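Enquirer: Before I ask anything, let me first share the structure, which is written out below as structure tokens.
Numbering (the working numbering), first residue to last: 1158 to 1626.
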């Protein structure tokens, strides 16, 4: 019999006793998982203390402890010392990589200026016309050819990542690289520190692998050093995921002083850094982007660096370069071969040809020029926004106080534009619906961008007028 009466006792979660079956800890865990994934238990909900829930269910404390632990290993829960157990953020997030119907101005998904694809098509023809291209359709060179690895090394050097050829792997894009890293270097139940607004596909991947993501506060320079220090001391962090050059979705460029502060904490707690630097080319080739060292240079023995070419060169050719220290070589090679069996030879050869011929640099410079023009359009329409002169591909806008991002997405679609609200990227409840990500690179033309931005601004103004009526 329960020690206490729970008739009028407030509890954040009350599983139905009648539906529990033996073994009870598995049944409790399944019920808890269902309520989390359905959204019934929102992110950061504090669960009942284990002893309290055990009393409510009239079960042993160890049964509830095992149930909580099972959900924690799946990445559904996280525990904070002396505070309790909470629902992990992002567990019910939906994939945002969806093509919208025709007639919609796309400003949600980031399309990286497709006009350069003609040059890539020409390079692909050139590669295929060579007699030796027949080898690209075989199982040969599972980790890539020497030429492809050498081209990757050249490209990495241009963005400040210096390493040897044996410490470079070719993956089928950034998401594939992240999968290899998490499977090879982490295990279920490990904890990775992330920004409060984080790349949604990384959130989904971590959930699949039952890896817990711990939100760390941020400011205008990126992740807070004090916040990371607190997470390391209280949460037992194993790694940290960073997008230091134009973070997705907040578009923050982390300055050198902040990188140095974080590097000192990372070094102190022996964390593994996953440096997802997909926009590093903006620093290497952009006219106005502030220069800063990659974490791979600051912490070469603790960092795995990902350089995807999907935004700099071509989204359709799924290729990314991984740079890593000696200590992780065997684990990453094993993980890469276990997941991919071999590199995508044709894609890698096309990219290598573009790098060696100089066409890759031409494409990057053209994209930066296009971004510069489109950012001028953005600043003309959203003149009150805090913007700089960086040639970014997207912007992060704070919404008016009376408008939430879920509602904005629906209103925008009704007007014929697609944007992504901050709730899709949020790792905690505070301010989760206060922003919107707007891609200036995605509309087909500058006129479409101008039209889409004006429609978006009109929504802001209409909601503000209605609010004061």
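Ideal Cβ placement from N, Cα and C applies to all residues, glycine included.
These figures come from a predicted structure and were not determined experimentally.
The beta strand (DSSP E) with residue 1236 in it runs from where to where?
Expert: One-based indexing of the chain shown puts residue 1236 at position 79. Residue 1236 -> beta strand (DSSP E) spans 1234-1237.
Enquirer: If you drop the 5 nearest sequence neighbours on each side, which residues of the same chain put their C-beta closer than 8 Å to that of residue 1607?
Expert: Reading the chain shown from its first residue, position 450 is the one you call residue 1607. Answer for residue 1607: 1534 and 1538, listed in chain order.
Enquirer: Using 8 Å as the threshold, is the segment 1588-1606 in touch with the segment 1261-1278, meaning 3 or more CB pairs across them?
Expert: Yes: at least three Cβ pairs fall under 8 Å.
Enquirer: For the beta strand (DSSP E) containing residue 1480, name the first residue and the last one.
Expert: Residue 1480 sits at position 323 when you count from the first residue of the chain shown. Element bounds for residue 1480: 1477-1480.
Enquirer: Would you mind reading off the limits of the alpha helix (DSSP H) that contains residue 1521?
Expert: In the chain shown, the residue the question calls residue 1521 occupies position 364. From DSSP, the alpha helix (DSSP H) with residue 1521 extends over 1516-1538.
Enquirer: Per DSSP, residue 1243 is paired with what?
Expert: Locating residue 1243 in the chain shown gives position 86, where the first residue counts as 1. DSSP output for residue 1243 lists 1203 and 1235 as bridge partner(s).
Enquirer: Is the segment 1309-1328 in contact with the segment 1452-1472, if contact means three or more CB pairs nearer than 8 Å?
Expert: Judged by Cβ distances under 8 Å, the segment 1309-1328 makes contact with the segment 1452-1472, as three or more pairs qualify.
Enquirer: Using 10 angstroms around the beta-carbon of residue 1196, count the other beta-carbons present and answer buried if the total reaches 16, otherwise exposed.
Expert: The residue given as residue 1196 occupies position 39 in the chain shown. It counts as exposed.
Enquirer: If I measure Cβ to Cβ from residue 1496 and keep anything under 8 Å in the same chain, skipping five residues before and after, which residues do I get?
Expert: Within the chain shown, the letter at position 339 stands for residue 1496. Counting only Cβ-Cβ distances below 8 Å, and skipping sequence neighbours, we find 1333, 1336, 1337 and 1340.
Enquirer: Do residue 1327 and residue 1476 have their C-beta atoms within less than 8 Å of each other?
Expert: Here residue 1327 refers to the residue found at position 170 of the chain shown. Here residue 1476 refers to the residue found at position 319 of the chain shown. In contact: residue 1327 and residue 1476 (Cβ atoms closer than 8 Å).
Enquirer: Compare the C-alpha of residue 1455 against each of 1420, 1487, 1277 and 1428 and name the closest.
Expert: Translated into positions along the chain shown, residue 1455 becomes position 298. Answer by Cα proximity: 1420.
Enquirer: Based on the DSSP output, what are the partners of residue 1433 in its beta bridges?
Expert: Your numbering for residue 1433 matches position 276 in the chain shown. Answer is 1463.
Enquirer: Can you check DSSP and say which residues form a bridge with residue 1331?
Expert: As a working mapping, residue 1331 is identified with position 174 in the chain shown. None; residue 1331 has no bridge partner.
Enquirer: What's the C-alpha gap between residue 1518 and residue 1468?
Expert: The count along the chain shown starts at 1 and reaches residue 1518 at position 361. The count along the chain shown starts at 1 and reaches residue 1468 at position 311. Distance between the alpha carbons of residue 1518 and residue 1468: 13 Å.
Enquirer: Could you give the DSSP three-state label for residue 1128: helix, strand or coil?
Expert: In the structure as shown, the chain begins at 1158 and stops at 1626. Residue 1128 is therefore absent and cannot be evaluated.
Enquirer: Are there 16 or more other CB atoms within 10 angstroms of the CB of residue 1264, so buried, or fewer, so exposed?
Expert: Residue 1264 sits at position 107 when you count from the first residue of the chain shown. Result: buried.
Enquirer: Pull up the CB-CB distance for residue 1354 and residue 1583, whole angstroms please, since I reckon it's below 8 Å.
Expert: What you label residue 1354 is simply residue 197 of the chain shown in a count that begins at 1. What you label residue 1583 is simply residue 426 of the chain shown in a count that begins at 1. Right, the Cβ-Cβ distance comes to about 6 Å (below 8 Å), so this counts as a contact.
Enquirer: Is it a yes or a no for the segment 1479-1495 touching the segment 1504-1514, going by three-plus beta-carbon pairs under 8 Å?
Expert: Judged by Cβ distances under 8 Å, the segment 1479-1495 makes no contact with the segment 1504-1514, as fewer than three pairs qualify.
Enquirer: Would you say the segment 1609-1621 touches the segment 1432-1440, given that touching needs at least three Cβ pairs under 8 Å?
Expert: No, the segment 1609-1621 does not touch the segment 1432-1440.
Enquirer: I'd like the ranges of any alpha helix (DSSP H) spanning at least 4 consecutive residues and lying wholly in the segment 1534-1616.
Expert: Fully enclosed alpha helix (DSSP H) runs of 4 or longer: 1562-1572.
Enquirer: Let's test the definition: count the other Cβ atoms within 10 Å of the Cβ of residue 1401 and tell me whether it reaches 16, buried, or not, exposed.
Expert: Start at 1 with the first residue of the chain shown, and residue 1401 comes out as number 244. Label assigned to residue 1401: buried.
Enquirer: Report the three-state DSSP secondary structure of residue 1348 (helix, strand or coil).
Expert: Counting from one through the chain shown, the residue named residue 1348 turns up at place 191. Residue 1348 falls in the strand class under three-state DSSP.
Enquirer: Quick one, which of 1546, 1617, 1558 and 1577 has its alpha-carbon nearest residue 1588's?
Expert: Your numbering for residue 1588 matches position 431 in the chain shown. Of the candidates 1546, 1617, 1558 and 1577, the one whose C-alpha sits nearest the C-alpha of residue 1588 is 1558.
Enquirer: Between the alpha carbons of residue 1233 and residue 1303, how many angstroms are there, rounded?
Expert: As a first step, residue 1233 must be located in the chain shown, where it is residue number 76. As a first step, residue 1303 must be located in the chain shown, where it is residue number 146. Rounded to the nearest angstrom, the two C-alpha atoms are 43 Å apart.
Enquirer: In this structure, how does DSSP classify residue 1355 when only helix, strand and coil are distinguished?
Expert: Counted from its first residue, the chain shown places residue 1355 at position 198. It is coil, neither helix nor strand.
Enquirer: Should the segment 1229-1245 be regarded as contacting the segment 1566-1579, the criterion being three or more beta carbon pairs within less than 8 Å?
Expert: No contact exists between the segment 1229-1245 and the segment 1566-1579.
Enquirer: Let me know if residue 1427 comes out buried or exposed under the rule of 16 or more other beta-carbons within 10 Å of its beta-carbon.
Expert: Here residue 1427 refers to the residue found at position 270 when the chain shown is read from its first residue. By the neighbour-count rule (16 or more Cβ atoms within 10 Å), residue 1427 is not buried but exposed.
Enquirer: Identify the residues that DSSP records as bridge partners of residue 1263: which are they?
Expert: Within the chain shown, the letter at position 106 stands for residue 1263. The partner list for residue 1263 (beta bridge, DSSP) reads 1575.
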